[in-house]
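Colleague: Once you've had a glance at the structure underneath, I'll fire off some questions.
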Amino acid sequence: MKIETKIKVIISDLDGTLLGSDHKISNYTKQVFQDLYQQGYLIIVATGRHHLDAIPLVASLGFPIYLITSNGARIHAPNKELLFSFDIASDAIKSVLKLDIDPEITIVVFKEEVWQTNKYNEKLNSFQKELNYAPELVDFNTVNDLKAIKMFFTHESHSKLVELRDRILVDHESLFSHAFSLPYCLEFMDVSVDKSAAIAKVLEIENCSFDQSISFGDGFNDENMLKATAVGLIMSNAPDSLKTKLSHLEVIDTNYNDGVANYLAINLLNK
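Read in the working numbering, the sequence shown has 208 at position 208, and its numbers run on one by one without any break.
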């Protein structure tokens with residue numbers, strides 16, 4: 001059976017997938033997605049980014065979409081109505097931050113209007129072309145309410161983050177879901193939060209199923225999404241460890257080369 005005869009839903013990650021080297025959606029990709037939207041495909045973007053950060057990026061597509069952010073902790077409808085939200089409890093975050101965390105590691109707590117951090121990180125700031133979601137430098141020891149959408153750690157050394165992840169999970173495995181969105185980005189959400197769980201909620205609303213869906217991703221926070229859909233595509237720029245773990249899935253061209261748009265143009269638009 002040809003892909004276009006069964007696929008009704010297109011799901012894509014943003015960073016490392018739909019966004020190019022400039023952290024924007026290319027004009028070519030916009031045109032392909034506009035053609036798909038006009039043909040009646042349901043478009044869902046599922047990202048680890050905060051919704052205030054992601055909204056201007058997806059708005060550039062030029063049509064309304066379902067937006068899943070913070071790895072599933074927020075779902076916004078095409079009319080921007082908030083459909084679902086779930087936060088990590090303040091005490092859960094405080095118990096993690098009491099651990100002896102390497103001071104070289106950047107800590108970020110994603111709250112509703114700002115993201116609080118223990119240090120300025122130029123690499124993180126470069127991901128935002130429009131500063132809709134501002135950083136706030138804080139001493140976490142003095143913050144009373146740490147209830148947040150997501151907790152995030154970054155460092156150039158992947159092994160340092162793996163070590164930190166393992167230490168956190170010793171006493172917190174039942175509280176958190178976690179993923180490496182990039183090798184240098186370790187993210188923790190409430191245990192109930194996952195991109196695939198959020199996508200399932202949207203599919204139910206739209207009376208669609210994973211069997212009618214195609215998905216694109218490049219990080220371990222995309223793993224369950226890629227496995228759940230009828231067709232899961234991994235970006236060539238994804239970590240080798242993810243490509244090995246999901247070796248049954250096809251690998252396509254990189255985000256820098258409009259890999260998602262090229263695949264969709266050939267396989268769904270027959271261009």
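Just so you know, even glycine gets a beta-carbon here, dropped at the ideal spot from N, CA and C. Please read all numbers here as calculations on a predicted model, not as lab measurements.
Output needed for C185: all residues of its chain with C-beta closer than 6 Å, excluding positions within five of it in sequence on either side, in chain order.
Modeller: Position 185 of the sequence shown holds residue 185. Around C185: T154.
Colleague: Excluding sequence positions up to five away, which residues of its chain have a Cβ less than 6 Å from the Cβ of L250?
Modeller: Stepping through the sequence shown from its first residue, residue 250 is reached at position 250. As written in the sequence, residue 250 is Glu, which differs from the Leu given in the question. Answer for E250: L233, listed in chain order.
Colleague: Of all the options D258, P183 and L57, which has the alpha carbon lying nearest to the alpha carbon of R49?
Modeller: Residue 49 sits at position 49 when you count from the first residue of the sequence shown. For R49, the nearest C-alpha among the options comes from L57.
Colleague: Tell me, which residues are paired with H76 by DSSP?
Modeller: In the sequence shown, the residue the question calls residue 76 occupies position 76. H76 pairs with L67 and L82.
Colleague: Going by DSSP in three states, S196 sits in which element: helix, strand or coil?
Modeller: Numbered from its first residue, the sequence shown carries residue 196 at position 196. Helix at S196.
Colleague: Looking only at C-alpha atoms, which of I214, K243 and D218 sits nearest to V231?
Modeller: Position 231 of the sequence shown, counted from the first residue, corresponds to residue 231. The shortest Cα separation from V231 among I214, K243 and D218 belongs to I214.
Colleague: What separation, rounded to the nearest whole angstrom, lies between the Cα atoms of Q212 and V170?
Modeller: The count along the sequence shown starts at 1 and reaches residue 212 at position 212. The count along the sequence shown starts at 1 and reaches residue 170 at position 170. The alpha-carbon atoms of Q212 and V170 are separated by roughly 38 Å.
Colleague: In three-state terms, what does DSSP make of L42?
Modeller: Walking along the sequence shown from the start, residue 42 turns up at place 42. Residue state, collapsed to three classes: strand.
Colleague: Give me the Cα-Cα distance between M99 and D194, rounded to the nearest whole angstrom.
Modeller: Residue numbering aside, residue 99 sits at position 99 when the sequence shown is read from its first letter. Residue numbering aside, residue 194 sits at position 194 when the sequence shown is read from its first letter. A small fix is needed here, since residue 99 is Leu in this sequence, not Met. Each residue's alpha carbon lies about 25 Å from the other.
Colleague: If you compare alpha carbons, which of V45, W115 and N255 is closest to H76?
Modeller: Position 76 of the sequence shown holds residue 76. Nearest of V45, W115 and N255 to H76, Cα basis: V45.
Colleague: Would you kindly check if the distance between the Cβ of I25 and the Cβ of V96 is under 7 Å?
Modeller: Taking the first residue of the sequence shown as 1, we reach residue 96 at position 96. Taking the first residue of the sequence shown as 1, we reach residue 25 at position 25. Not in contact: V96 and I25 (Cβ atoms no closer than 7 Å).
Colleague: What residues are listed by DSSP as bridge partners for Q116?
Modeller: Your numbering for residue 116 matches position 116 in the sequence shown. V109 and E136.
Colleague: Is the CB-CB distance between T229 and F216 below 7 Å?
Modeller: The residue labelled residue 229 in the question sits at position 229 within the sequence shown. The residue labelled residue 216 in the question sits at position 216 within the sequence shown. Cβ atoms of T229 and F216: not closer than 7 Å.
Colleague: With a threshold of 16 other CB atoms inside 10 Å of the CB of L52, please say whether the residue is buried or exposed.
Modeller: Taking the sequence shown and counting its residues from 1, the one referred to as residue 52 is at position 52. Buried, because 16 or more other Cβ atoms sit within 10 Å of the Cβ of L52.
Colleague: In whole angstroms, what is the alpha-carbon distance linking V202 and F140?
Modeller: Position 202 of the sequence shown, counting from 1, holds the residue named residue 202. Position 140 of the sequence shown, counting from 1, holds the residue named residue 140. Rounded to whole angstroms, V202 to F140 spans 35 Å at the Cα level.
Colleague: Quick one, are the C-beta atoms of T47 and D13 less than 7 Å apart?
Modeller: By 1-based counting over the sequence shown, the position of residue 47 is 47. By 1-based counting over the sequence shown, the position of residue 13 is 13. Yes, the pair counts as a contact, with Cβ atoms nearer than the cut-off.
Colleague: Consult DSSP for T47 and reduce its assignment to one of helix, strand or coil.
Modeller: Start at 1 with the first residue of the sequence shown, and residue 47 comes out as number 47. T47: coil per DSSP, three-state reduction.
Colleague: Would you mind reading off the limits of the beta strand (DSSP E) that contains L97?
Modeller: Taking the first residue of the sequence shown as 1, we reach residue 97 at position 97. Here L97 belongs to no beta strand (DSSP E); instead the alpha helix (DSSP H) covers S90 to L97.
Colleague: Kindly indicate the opening and closing residues of the alpha helix (DSSP H) around H60.
Modeller: As a position in the sequence shown, residue 60 is number 60, starting the count at 1. Note that residue 60 corresponds to Ser in the displayed sequence, not to His. Careful: S60 lies outside any alpha helix (DSSP H) and carries neither H nor E.
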